[in-house]
Amino acid sequence: MLRPKNDRGRNVTTSKREATRRNIIAGAGVAAAGIVTGATTAQAQTTGKTFVLVHGAWHGGWCWRRVADLLEKKGHKVYAPTLTGLCDRSHLLDSKTNLSTHITDVANLIAWEGLKDVVLVGHSYGGFVISGVAEKAQPAISSIVYLDAFLPDNGEALIDVVRGSKLYDVIQGTIQKGDLTMAAPKAALFQVNEKDRAWVDEKCTPQPTATLSEKVALTGARDRIAKRAYVRAKGYASPGFDRAQAKAQAASGFRVYEMPCGHDAMVDMPDRLTDILLEVA
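Following UniProt numbering, the numbering of the sequence shown begins with 1 at its first residue and continues without gaps.
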């Protein structure tokens, strides 16, 4: 039986088969290209990130060492600055050292180092600091993480969010006496694991009092950051941080995690915390 031919004299059926074969090969090539592109994109999302880790009251950059080591071994860039007036920068303490000073510490680091796509993490009091930093450097920040941290509203100071607690009474007494600093509590109070308590006690220094009474000015910049997370250390009982967690859960766009450890999660469970930070990043 004669097969129909096209105007070039080739069998139409044969041409159709060849076209189908070419389409299959081309489709496979596109699919393969998609897999490679997807893998490359996934790697780009988890490698080469820049982390800025902000400590809480009484602490310094030293508390992030374990997490920083883990992140750096995975190829990430890490900055863990000590805020003015604390620990290795305690010699810079003066009566003007306040929350604005600490916000500027971190915002200037981001600006002068030319950092982009930053994963900004704040622990405890550091929640006030990173909220203020977001106001100054929001375009450079891709993710913001509150680690067992305060999640303040505009016009709040730390003393405001702990009202009714023993900490409030201590801060109020420190202010009334006119003391420049507030002594560090023992690590046991924060349920730091027993093995590390002596080390944490040795490293902590008094907190500049003015950092606890200055109100933070916010316009909602943190809510414009694409990725937001709250991490609660459930081994440390704190109504204040429970409220912060509930606020994050009620807010749009927050991912919420819980860790079975004391308040200093970066000391107690650095491996798990590192995994969470990479997931958020």
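Every residue gets a Cβ at the ideal spot worked out from N, C-alpha and C, and that includes glycine.
- Between the alpha carbons of THR209 and VAL280 lies a gap of roughly 33 angstroms.
- Looking at the DSSP output, MET182 bridges to GLN207.
- Inclusion of ALA140 and LEU115 in the CB contact set at 8 angstroms is warranted, their separation being smaller than that value.
- Minimum Cα-Cα distance from THR84 among the listed residues SER213, GLY253, VAL256 and PRO206 corresponds to PRO206.
- Secondary structure within the stretch 112–169: the beta strand (DSSP E) runs of 3 or more consecutive residues, fully enclosed, are 118–123 and 141–147 (chain order).
- Beta-bridge analysis with DSSP links PHE51 to VAL78 and VAL119.
- TRP62 has its alpha-carbon roughly 12 angstroms from the corresponding atom of ASP201.
- Residue burial is scored here from C-beta neighbours: HIS55 has at least 16 other C-beta atoms within 10 angstroms and is therefore classed as buried.
- In the three-state scheme derived from DSSP, where H, G and I count as helix and E and B as strand, MET259 is classed as strand.
- Look at LYS234 here: in three-state DSSP terms it is coil, with no helix or strand label.
- Nearest to ALA244 by alpha-carbon distance, out of MET266, ALA184, ASP153 and LYS96, is ASP153.
- In terms of CA proximity to GLY155, GLY220 leads the group GLY220, HIS102 and LYS195.
- For LYS195, there is no enclosing alpha helix (DSSP H), as DSSP gives it neither H nor E.
- Each of TYR146, LEU109 and GLY48 was checked against the Cα of ILE130, and the nearest Cα belongs to TYR146.
- For the pair of segments examined, the stretch 186–201 was found to touch the stretch 259–279: the number of CB pairs separated by less than 8 angstroms reaches three.
- Within the same chain, ALA107 come within 6 angstroms of LYS136 by CB-CB distance, once the 5 residues on both sides are set aside.
- Inter-residue distance for ALA57 and THR82 is about 11 angstroms (C-alpha atoms, whole angstroms).
- For the pair of segments examined, the stretch 244–259 was found to touch the stretch 222–235: the number of CB pairs separated by less than 8 angstroms reaches three.
- Its chain contains VAL78 as the residues whose beta carbon lies nearer than 7 angstroms to that of GLU72, once the 5 sequence neighbours on both sides are disregarded; these appear in chain order.
- Shown here, ALA229 sits in a strand according to DSSP, grouped into three states.
- For GLY253, the closest alpha carbon among the candidates GLY235, ILE225 and PRO239 is that of ILE225.
- For ASP264, there is no enclosing alpha helix (DSSP H), as DSSP marks it with neither H nor E.
- Sequence-distant partners of LEU53 (beyond 5 residues in either direction) whose C-beta falls short of 6 angstroms from its own C-beta, in its chain, are TRP64, ALA80 and VAL121.
- For PHE150, the CB contacts under 8 angstroms within the same chain, skipping 5 residues up- and downstream, are SER124, TYR125, GLY127, PHE128, LEU158, VAL161, GLY240, PHE241 and ALA244 in chain order.
- Here the C-alpha atom of LYS96 lies approximately 12 angstroms from the C-alpha atom of THR181.
- Annotated as distal: MET259 and LEU277, with beta-carbon spacing of 8 angstroms or more.
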